[in-house]
Amino acid sequence: MAGDSRALTTADHSPVAGLAHDARGGISNVVLGMLLFITSEVMFFGGLFAAYFNVRANAPLWPTINPETQHQFHLEMLPLVLPATFILILSSFTCQLAVWGIRRGDRTAFLRNISVTFLIGIAFLIMQGTDYVILGSEGMTLSAGTYGTTYFTLTGFHGAHVFGGVIMLGVLLYRGLAGQFSARHHDAVEAVSLYWHFVDVVWILLFSLLYLLPGKG
Amino acid sequence: MATTALHPAAPAYRSTLYDWVTTTDHKKIGIMYLINSFLFFFLGGLLALGVRAELARPGLQFVTDQTYNELFTMHATFMIFLFIIPILAGFGNYIVPLQIGAPDVAFPRINALSLWMLPLAGILLILSFFTGGSAAAGWTSYAPLSEDRPLAAIGPGQDLWIVAVVFIGTSSILGAVNFLVTIFKLRAPGMTLFRMPIMVWTVLVTSILVLLATPVITSALIMLFIDRNLGGSFFDPKFGGDAILYQNIFWFYSHPAVYIMVLPAMGMISEILPVFSRKPLFGYKAFVFATAGIGALGFSVWAHHMFTTGAVYLPFFSLMTFLIAVPTGVKMFNWIFTLWRGKLRLSTPLLFALGFLSMFLIGGINGAISAAVPVDFALHDTYWVVSHLHYVLFGGSVFGVMAGLHYWFPKMTGRMLNETLGKTQFVLMFIGFNMTFFPMHQLGLMGMPRRIADYAETAGWNDLNLVATIGGFLIATSMIPLLWNVFLSLRSGKPAGDDPWEGNTLEWATSSPPPPYNFDHLPEIRSERPVFDARWGPKAHGTATAAPAEH
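Protein chains in written order, with our numbering: chain Y, 54 to 270; chain H, 1018 to 1568.
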């Protein structure tokens, strides 16, 4: 390459210098990128929710008939659903405490809260898996008519997003333990917290839709 | 910070291949987007030749019905998902950071991820031919036709198709995030939003469309996958599902997607027309607002693909479809009055841009005709629609792509393309295109349905089909001068210099090809034509520049 002997300089008066270091402030690239990505996620769940409402509106009975027993499915809230909802909402708070911690430069508070959030994420997934097993044993599966299909698709994709969030939180934890975040440099923490809040909001909507909205017929 | 000196790492031997595969340079990634897209363009073109060969005469000469279904399905899939959408993203990748004076995109590694998902998806689609047959339910893959139950005997082609399109969609979404953050955050000092080149504006609006629409088709495809493989019942009425639901979700993406497929091409010719008519773009702001208007209205017209289902509110969608012709008409005036009294240089890029202009106009008009509900009831799923979509996508986007290729090839490679070969390609392509697709208007009016492999000899469609087939092979022939031209130019083309066309925008202010960091220094940016200003100095201000500084 021709540039081997050439030092690449960016002096203060060069217009390129400002770009390379994004000196103009405002929202950081990473946070803006995450917000835009979350926008696309909203549209993805929008498609699934639209399908749910459509199928539900077309059905004469909701919940539908269990094809195995020929009885209507129950709108029953399994024992783990409420605790899972509670801890997931709680984890949004712990996640935000972690963000506030690192903004102050308090790494201990950051690490403590991000660990709790991470563990809650895992606990939520375990509880959801347990629910799935219980439902499956009652004949409620993905292939048990539109009720089962929509239930498992919606909660399944939410679960997949929780799983993705847990991985992101794990990366934050790993990087945090390595001391990579400080009051000035923690864009990744801000971005992941936004994603985690988004996942939480989706669950609140799903919970209202699947457990609180009365059935029909 | 006074000075940052970056000392190059100790030179280690790395092969060119390794360099390209691992690169995060938006220019190399852009070029690989173009190469990958052209490969699938030629592949999709071969499939189209198969379709045209079969339709040249009545009777089944070459393929079975099933193979024919695979041909037109995969032709559209390659052309839409692996050619036109990615190639426009490829041009955006190469051009947008240069035009806004940025050193790269905001997330270069995610950019590389977006690129490499495309060949992966392409390989999955090609593999489907060897696993018992590719997808064959049309590029729309309407349920329940595309669901497992009626096509139980067929292999996993449809599933590979779903996975591949989800990959391509994810690539697009990540690309859109990248473009938006780049455009919002990395503009050079002085590059205000209303000084951005039109190409950048169209990529911005396209990226918003991708961000909002593409995830929706992902959800539709995932539901289709669940129905096919996991016993779901979203779309099968037999099990309480709703077939129209699939069409609604599909077109909620796929109508905005037609603007994803054409807006950047509009941006490209809006760069070319001013340069080759030696005038600023007529009505810069009107063009920007028209682009935004198309983007917004694009979300309210999807059900015009579904008039005949009887399940959509016809007057609303018909009205909105007519309305969306208005901003498109505004753009037509922008372009025509840019040319008006300009000092035209009839080089190859301008010829292709004029091809876009004229062919897209026909495509717009025959589209607006079918926006009328009673007319659409007669024309739905006939060759009229095939003609319409090719006039906008081939006559529009592909001519735009060719214009952009001839315009920016000197910037990308440092070498000029040959004008004679370029003009030969244009003439062959223009004649071939109109021979192929103009008769389809008539075929559609005569009632010939699309997606049929055979027709009765007495239907009266023989001659027009033969003409269309000859035209199709003429289009294929027009690719020979293109390939020869690129080959000759890369081997021994005339050196281009930094600014062979006397361009307006920042990419012409750096070397050809640009250095990895794009700019040693930037000219001052005081209008949407900074290089024009720098070339003509202060006398350009107040006389020829269109837009004064905006705040």
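Glycine is no exception: its CB is placed at the ideal position from the N, C-alpha and C atoms.
Shown here for alanine 1123/H: same chain residues with a beta carbon closer than 8 Å to its own, the five before and five after excluded, namely Asn1195, Val1198, Thr1199, Lys1202, Leu1203 in chain order.
Looking from the CA of proline 1533/H, the closest CA among Phe1334/H, Tyr1111/H, Thr1094/H belongs to Tyr1111/H.
When the beta-carbon positions are compared, serine 1506/H and leucine 1434/H come within less than 7 Å of each other. Closest in alpha carbon position to phenylalanine 234/Y, among Leu178/Y, Glu129/Y, Phe163/Y, is Phe163/Y.
Rounded to whole angstroms, the separation of the alpha carbons of phenylalanine 1267/H and tyrosine 105/Y is 15 Å. Contact annotation for alanine 236/Y against chain H: no contact, minimum CB-CB distance about 20 Å [criterion: below 7 Å].
Neighbours of threonine 117/Y across chain H, judged by C-beta separation under 7 Å: Gly1257. In this structure serine 196/Y is in contact with leucine 1247/H, their Cβ atoms being roughly 7 Å apart against a cut-off of 8 Å. Taking the Cα of isoleucine 1286/H as reference, the smallest distance to any Cα among Val1318/H, Ile1048/H, Ser1335/H, Pro1214/H is reached at Pro1214/H. Under the three-state reduction of DSSP, threonine 1399/H is assigned to strand.
Close to leucine 195/Y, with beta-carbon spacing below 9 Å, are these residues of chain H in chain order: Ile1243, Leu1247, Gly1248, Gly1249.
Interface criterion met: the Cβ of serine 1236/H is under 7 Å from a Cβ in chain Y.
Non-local C-beta neighbours of glycine 154/Y in its own chain, meaning closer than 7 Å and more than five positions away in sequence, comprise Ala162, Phe163, Asn166, ordered along the chain.
As computed with DSSP, lysine 1511/H is found in no beta bridge at all. Bounds of the alpha helix (DSSP H) holding tyrosine 227/Y are 198–230. Listed along the chain, the chain Y residues whose CB falls inside 7 Å of the CB of lysine 1045/H amount to none; the nearest CB is some 14 Å away. Rounded to the nearest angstrom, the gap between the Cα atoms of tryptophan 1178/H and alanine 1395/H is 31 Å. Straight-line measurement puts the Cα of tryptophan 1218/H at about 9 Å from the Cα of phenylalanine 1211/H.
Segment contact: the region 198–209 of chain Y against the region 96–111 of chain Y, three or more CB-CB distances shorter than 8 Å; contact assigned. Proline 1206/H and leucine 88/Y have their alpha carbons spaced roughly 24 Å apart.
If one requires a minimum length of 4 residues, the alpha helix (DSSP H) runs lying completely within the region 1232–1297 of chain H are 1260–1277, 1280–1294, in chain order. DSSP places arginine 1069/H in the helix class (H, G or I) of the three-state scheme. In the three-state reduction of the DSSP assignment, tryptophan 1133/H falls in the helix class. Within chain Y, no C-beta atom comes less than 8 Å from the C-beta of isoleucine 1179/H; the nearest is roughly 14 Å away. Take valine 1220/H, set aside five residues on each side of it, and the residues of its chain with a beta-carbon closer than 6 Å to its own are Gly1109, Val1113, Phe1196, Pro1281, in chain order. Along the region 1113–1127 of chain H, the positions whose C-beta sits under 9 Å from a C-beta of chain Y are Gly1118, Ala1119, Pro1120, Ala1123, Phe1124, Ile1127, read in chain order. Here DSSP, grouped into helix, strand and coil, assigns lysine 1428/H to helix. DSSP places lysine 269/Y within a strand segment (E or B) once states are collapsed to three. Counting the other CB atoms within 10 Å of its CB gives glycine 1327/H a total below 16, which places it among the exposed residues. Within chain H, Pro1232, Val1233, Thr1235, Ser1236 have C-beta atoms less than 8 Å from the C-beta of phenylalanine 97/Y, given in sequence order.
Of the residues assessed, threonine 122/Y falls on the exposed side of the cut-off, its CB having fewer than 16 other CB atoms within 10 angstroms. One finds nothing in chain Y with a Cβ atom closer than 7 Å to the Cβ of phenylalanine 1098/H; even the nearest lies about 17 Å away. With respect to the 7 Å criterion, serine 246/Y and valine 152/Y are classified as neighbours on the basis of their beta carbons. Any Cβ of chain Y closer than 7 Å to the Cβ of leucine 1132/H would place that residue at the interface, and such an atom is absent.
For valine 1194/H, the nearest beta carbon of chain Y is closer than 7 Å to its own beta carbon. Per the coordinates, the alpha-carbon of valine 1503/H lies some 15 Å from the alpha-carbon of threonine 1494/H.
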